[in-house]
Amino acid sequence: MATPKVPPILPPLRIPFDYVINAVVPANSGGFPVSLQIQQDADFEIVFLAGTRTSPLADVQMSDGATGRNFSSGPVNVDNFFGTAQLPFPLVEPYIIARSSSVNFTFRDTSAAQNTIQLVLRGYKLFPQQNPAQGSAGMISQAQ
Amino acid sequence: MSIWDRDRVPGITGRHALGLWLTYRKLATAGYVPGALSRAPLKFKVPAWYPVTFALTARLNAEDRITTTPGFWLVYLIGSSSLAPGFRLQLYDSEKNQRLGDPLNFANGLGSAARPFILRKPHFFTTRSPLLIRVQNQDVSGATNNIQVVAAGFGE
Numbered sequence: 061m062a063t064p065k066v067p068p069i070l071p072p073l074r075i076p077f078d079y080v081i082n083a084v085v086p087a088n089s090g091g092f093p094v095s096l097q098i099q100q101d102a103d104f105e106i107v108f109l110a111g112t113r114t115s116p117l118a119d120v121q122m123s124d125g126a127t128g129r130n131f132s133s134g135p136v137n138v139d140n141f142f143g144t145a146q147l148p149f150p151l152v153e154p155y156i157i158a159r160s161s162s163v164n165f166t167f168r169d170t171s172a173a174q175n176t177i178q179l180v181l182r183g184y185k186l187f188p189q190q191n192p193a194q195g196s197a198g199m200i201s202q203a204q
Numbered sequence: 007m008s009i010w011d012r013d014r015v016p017g018i019t020g021r022h023a024l025g026l027w028l029t030y031r032k033l034a035t036a037g038y039v040p041g042a043l044s045r046a047p048l049k050f051k052v053p054a055w056y057p058v059t060f061a062l063t064a065r066l067n068a069e070d071r072i073t074t075t076p077g078f079w080l081v082y083l084i085g086s087s088s089l090a091p092g093f094r095l096q097l098y099d100s101e102k103n104q105r106l107g108d109p110l111n112f113a114n115g116l117g118s119a120a121r122p123f124i125l126r127k128p129h130f131f132t133t134r135s136p137l138l139i140r141v142q143n144q145d146v147s148g149a150t151n152n153i154q155v156v157a158a159g160f161g162e
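Right, dumping it as structure tokens:
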């Protein structure tokens, strides 16, 4: 009987998790900042972007809180940035954010009315297989 | 076959299939997304969105180019138009001096975030300022058409 093959690095334990960004963007706001803090217990793997908005006349720009690096060269229309739960925007290659880091969002409105936007980063918390309660201590984002 | 098997593709470290499930394609998803070999270079890359925005009145045309970081994989084509007639679009790879197709209606070339057009083979740019985007407004009412074209993918 063949013995099961054990990979050198166990794949992480993935726990489904959603990070939610709520923004009530004032009418014609030129830049409404919202910061998201990634929790300390585990790295986070973004798989889908989903969201809702009052009006499509709004833009969003996402940046890394630690480095200030933008993920886009300019504001992206919300309908070009996130989908819905039924039709989420898929990241063909999931992106991992280190635990305890922050992600900043800046919203703009051009609808001339208050725009209530909820953006959801849908994905998985990455825990070590051998000790799910311990937290990854940054090992996942460093090792992969 | 287990998605956790690290040797599904010889020589390529296994990756789970998350993120490649298109809810509107279901079991046919694999026919609409890059395969494992095409996705391999995207590993550890950072997602990036490059939007270009135009505000055009009746039948006007314009062009702009995106400035990427060196080493950018174009994976998604997304766009929107504020007026129903939409716009025509042509893409030009100024790095390789190649037209990426004839002018077409944007609905035939671009998706939305909910249903993005995903390249089966991601297109690689080695230098900066590679992609020229030409648009022509198809609306004739005289109102301003707010157009956005987004080239999204993964970069360094």
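Each protein sequence line maps, in turn, to chains A and B.
Per this note's numbering, residue 61 is the first one in the first sequence, and the count goes up by one each step.
Per this note's numbering, residue 7 is the first one in the second sequence, and the count goes up by one each step.
No residue lacks a Cβ here, since even glycine has one placed at the ideal position from N, Cα and C.
Note that the structure is a prediction, hence the values are computed from the model and not measured.
Test: residue i CB closer than 8 Å to a CB of chain A
i                            : result
threonine 29 of chain B      : yes
arginine 71 of chain B       : no
isoleucine 124 of chain B    : yes
phenylalanine 131 of chain B : no
alanine 54 of chain B        : yes
leucine 110 of chain B       : no
leucine 127 of chain B       : Residue identity differs from the one stated: residue 127 of chain B is lysine in this sequence, not leucine. With 8 Å as the cut-off, lysine 127 of chain B does not count as an interface residue toward chain A.
leucine 26 of chain B        : yes
tryptophan 10 of chain B     : Residue placement at tryptophan 10 of chain B cannot be trusted, given a pLDDT of 46 that sits under 50; the coordinates are not used to answer.
Partners in chain A for residue i, counting only beta-carbon separations shorter than 9 Å
i                     : result
serine 147 of chain B : What serine 147 of chain B touches in chain A: nothing, since even the nearest Cβ is about 18 Å away.
valine 156 of chain B : Ser132, Val136, Asn137, Asn140, Phe141
valine 39 of chain B  : Pro150, Val152
lysine 32 of chain B  : Chain A residues near lysine 32 of chain B: none, gap ~12 Å exceeds 9 Å.
Min CB distance residue i to chain B below 8 Å
i                        : result
glycine 91 of chain A    : no
glutamine 146 of chain A : yes
Burial state of residue i (16 or more Cβ within 10 Å)
i                           : result
valine 39 of chain B        : buried
serine 162 of chain A       : exposed
valine 107 of chain A       : buried
aspartate 78 of chain A     : exposed
threonine 74 of chain B     : buried
glutamate 69 of chain B     : exposed
leucine 33 of chain B       : exposed
valine 80 of chain A        : exposed
glycine 146 of chain B      : The displayed chain sequence assigns valine, not glycine, to residue 146 of chain B. With fewer than 16 Cβ atoms within 10 Å of its Cβ, valine 146 of chain B is classed as exposed.
arginine 65 of chain B      : exposed
aspartate 108 of chain B    : exposed
lysine 185 of chain A       : buried
arginine 113 of chain A     : buried
proline 93 of chain A       : exposed
proline 122 of chain B      : buried
proline 154 of chain A      : buried
phenylalanine 50 of chain B : exposed
Contact list for residue i against chain B, beta-carbon separation under 7 Å
i                        : result
glutamine 143 of chain A : The question names glutamine, but residue 143 of chain A in the sequence shown is glycine. Within 7 Å Cβ-Cβ: Ala119, Ala120.
Rounded distance between the beta-carbons of residue j and residue i, thought under 8 Å
i                            : j                            : result
leucine 181 of chain A       : phenylalanine 165 of chain A : The pair is not a contact, with the Cβ atoms about 10 Å apart (cut-off 8 Å).
phenylalanine 142 of chain A : alanine 54 of chain B        : 15 Å between Cβ atoms; not a contact.
asparagine 175 of chain A    : serine 115 of chain A        : 5 Å
leucine 116 of chain B       : valine 155 of chain B        : 7 Å
phenylalanine 187 of chain A : proline 72 of chain A        : 6 Å
leucine 97 of chain B        : isoleucine 139 of chain B    : 6 Å
leucine 83 of chain B        : phenylalanine 131 of chain B : Not confirmed; about 14 Å, so no contact.
Contacts of residue i in chain A (Cβ-Cβ under 8 Å)
i                     : result
proline 57 of chain B : Ser132, Ser133, Gly134, Pro135, Val136, Asn137, Asn140
leucine 48 of chain B : Val152, Glu153
Contact set between residue i and chain A, taken where Cβ atoms lie within less than 7 Å
i                            : result
arginine 45 of chain B       : Val152, Glu153
phenylalanine 160 of chain B : Glu153
valine 81 of chain B         : Val152
Cβ of residue i within 8 Å of any chain C Cβ
i                     : result
proline 76 of chain B : No chain C is part of this structure, whose protein chains are labelled A and B.
Residue i: contacting residues in chain B (beta-carbon distance under 8 Å)
i                      : result
leucine 109 of chain A : Ala119
Subject >> the segment 85-103 of chain B: positions lying closer than 9 Å to chain A by Cβ >> reply: Gly85, Ser86, Ser88
Original post:
When you check each C-beta in the segment 161-189 of chain A against every C-beta of chain B, which residues fall closer than 9 Å?
Top reply: Thr170, Gly183, Tyr184
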